[in-house]
Amino acid sequence: MTAYELKDLIVEQATTCHGPWPAGMTLFVFDDAYGWNASISRPISRGDNFYRIRTFDLITRLKAKYDFAAPRFSLPDDI
Numbered sequence: 001m002t003a004y005e006l007k008d009l010i011v012e013q014a015t016t017c018h019g020p021w022p023a024g025m026t027l028f029v030f031d032d033a034y035g036w037n038a039s040i041s042r043p044i045s046r047g048d049n050f051y052r053i054r055t056f057d058l059i060t061r062l063k064a065k066y067d068f069a070a071p072r073f074s075l076p077d078d079i
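Going by full-length UniProt numbering, the first residue of the sequence shown is number 1, and it counts up by one from there.
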């Protein structure tokens, strides 16, 4: 999976779980020495902060499932 695909997946899942992506909040997904990582811009409001924290929780779960370095084969649950 590419960084662009992961970014789209993160935004899609966060939007599904927590509502529309906050205006002005930016998500970066990038390759690093440990596979991949993500960064989200600072929140403007308490609501944005809640959304940001929950999105980082989602990112943590996705890091265990997706890796830039290793090919990922489809599993029966993915179909």
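The beta carbon of each residue, even a glycine, is placed where N, CA and C say it ideally should be.
Where D8 sits in the DSSP three-state scheme = It is helical.
Point to revise | DSSP state of G35 mapped onto helix, strand, coil | key: G35: strand per DSSP, three-state reduction.
Contact check, A3 vs V29 under 8 Å by CB: the rounded distance? Yes, A3 and V29 are in contact; Cβ-Cβ is about 4 Å, under 8 Å.
Buried/exposed call for P22, threshold 16 Cβ in 10 Å
Buried.
Specify, as a first and last residue, the run of the alpha helix (DSSP H) that residue 97 falls within.
For residue 97 there is no data in the structure shown, the boundaries of the chain being 1 and 79.
Contact belief for G19 with I44 at Cβ below 8 Å, rounded distance in angstroms: With 8 Å as the limit, G19 and I44 do not qualify as a contact, their Cβ atoms being about 16 Å apart.
Exercise for the section: Would you tell me roughly how many angstroms separate the C-alpha atoms of K7 and L27, rounded to the nearest one? Expected result: Looking at the two C-alpha atoms, the distance is approximately 7 Å.
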